[in-house]
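Residue numbers (full-length UniProt numbering): 1 to 194.
From the three backbone atoms N, C-alpha and C, an ideal C-beta is built for every residue, glycine too.
Below is one structure, written out as structure tokens, with a few remarks after it.
Quick look at the structure:
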């Protein structure tokens with residue numbers, strides 16, 4: 001296994017490890033957004049459902065655009081910019097008071113995910129030799145599953161349903177992940193796809 005891992009491009013490994021921490025941070029905060037909105041902010045259940053659904057709805061429509069933009073402007077630009085916006089989304093969740101703010105922030109959350117996910121998968125494919133792609137994708141999906149399994153448990157312990165701290169922690173994780181990826185993109189330049 002160690003020999004196989006050495007065949008993974010350093011950027012690919014960064015994306016896999018970063019995915020673990022990003023999914024952990026997101027899963028520590030976003031699953032509790034509905035409870036936070038209804039109990040802390042006093043938003044009705046129907047309105048909360050609409051806010052939560054906004055992310056998926058925007059994500060469906062924007063997913064057609066994300067891959068296209070990464071082909072046009074380069075994978076690293078789309079990845080970095082989606083992560084920068086994500087940082088502000090999580091900070092925004094911690095500061096927001098108005099229902100419209102939560103709609104907008106969750107729409108941006110869906111937009112970021114629909115840009116980041118296909119672009120990062122495409123980048124992994126670009127960086128990985130065909131014989132190792134299955135391994136890389138399995139590691140990525142394993143990282144997603146571990147992050148999603150652990151995140152809510154930690155979120156529950158730190159009171160995600162009543163506090164904005166998990167949103168700030170998520171923003172911090174995304175800041176760190178963005179900085180590491182930006183450094184890696186400089187260290188291992190990627191040609192823009194034509």
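On the criterion of 16 or more Cβ atoms from any shown chain inside 10 Å, does residue 106 qualify as buried, or is it exposed? Position 106 of the chain shown, counted from the first residue, corresponds to residue 106. Buried, since its Cβ has 16 or more Cβ neighbours within 10 Å.
In whole angstroms, what is the alpha-carbon distance linking residue 116 and residue 177? As a working note, residue 116 is residue 116 in the chain shown. As a working note, residue 177 is residue 177 in the chain shown. About 13 angstroms.
Report yes if the CB atom of residue 29 is closer than 7 angstroms to the CB atom of residue 152, and no otherwise. To locate residue 29, count along the chain shown from 1; it is residue 29. To locate residue 152, count along the chain shown from 1; it is residue 152. Not a contact, by the Cβ cut-off of 7 angstroms.
Among 40, 124, 125, nearest to residue 96 - alpha-carbon criterion: Residue numbering aside, residue 96 sits at position 96 when the chain shown is read from its first letter. Here the closest residue by C-alpha is 40.
Can you tell which of 18, 36, 31 has its C-alpha closest to the C-alpha of residue 164? Taking the chain shown and counting its residues from 1, one reaches residue 164 at position 164. Nearest of 18, 36, 31 to residue 164, Cα basis: 36.
Alpha carbon of residue 34 to alpha carbon of residue 131, nearest angstrom: By 1-based counting over the chain shown, the position of residue 34 is 34. By 1-based counting over the chain shown, the position of residue 131 is 131. Their Cα atoms are separated by approximately 42 angstroms.
Can you look up residue 194 in the DSSP assignment and give me helix, strand or coil? Sequence index remark: in the chain shown, residue 194 carries index 194 (1-based). Legend: pLDDT at residue 194 = 40, less than 50; position of this residue unreliable, value from coordinates given subsequently. In the structure shown, residue 194 sits in coil (DSSP, three-state: anything other than H, G, I, E or B).
For the region 98–179, which segments carrying the alpha helix (DSSP H) assignment without a break, of at least 4 residues, lie completely within its bounds, in sequence order? If we require 4 residues or more, the alpha helix (DSSP H) runs fully inside the region 98–179 come out as 99–127, 133–157.
On a Cα-Cα basis, can you pick out the residue from 145, 128, 49 that is closest to residue 19? Numbered from 1 along the chain shown, position 19 holds the residue referred to as residue 19. Of the candidates 145, 128, 49, the one whose C-alpha sits nearest the C-alpha of residue 19 is 145.
How about residue 182 and residue 80: do their beta carbons lie closer than 7 angstroms? The sequence position of residue 182 within the chain shown is 182, counting from 1. The sequence position of residue 80 within the chain shown is 80, counting from 1. For residue 182 and residue 80, yes; Cβs fall inside 7 angstroms.
To the nearest whole angstrom, what separates the beta carbons of residue 87 and residue 43, a pair I think is in contact under 8 angstroms? Indexing the chain shown from 1 puts residue 87 at position 87. Indexing the chain shown from 1 puts residue 43 at position 43. That pair is no contact at about 24 angstroms.
Which of helix, strand or coil DSSP assigns to residue 36: In the chain shown, counting from the first residue as 1, residue 36 sits at position 36. Helix at residue 36.
The region 133–148 touching the region 45–53, judged by at least three CB pairs closer than 8 angstroms: no
Could you tell me the alpha carbon to alpha carbon distance between residue 70 and residue 77, rounded to whole angstroms? The residue given as residue 70 occupies position 70 in the chain shown. The residue given as residue 77 occupies position 77 in the chain shown. The alpha-carbon atoms of residue 70 and residue 77 are separated by roughly 8 angstroms.
Report the three-state DSSP secondary structure of residue 201 (helix, strand or coil). Since the first and last residues shown for the chain are 1 and 194, residue 201 lies out of range.
Any contact of the region 58–70 with the region 3–22, i.e. 3+ C-beta pairs under 8 angstroms? no
Among residues of its own chain, excluding the 5 on either side of residue 170, which ones have a beta-carbon nearer than 7 angstroms to its beta-carbon? On the chain shown, residue 170 is found 170 positions in, with the first residue counted as 1. If we look at residue 170 and ignore the five residues flanking it on each side, its Cβ neighbours are 25, 26, 28, 29, 90.
In the DSSP assignment, find the unbroken alpha helix (DSSP H) run with residue 7 in it and report its ends. Here residue 7 refers to the residue found at position 7 when the chain shown is read from its first residue. Taken as a continuous stretch (DSSP letters only), residue 7 belongs to no alpha helix (DSSP H), as it is neither H nor E.
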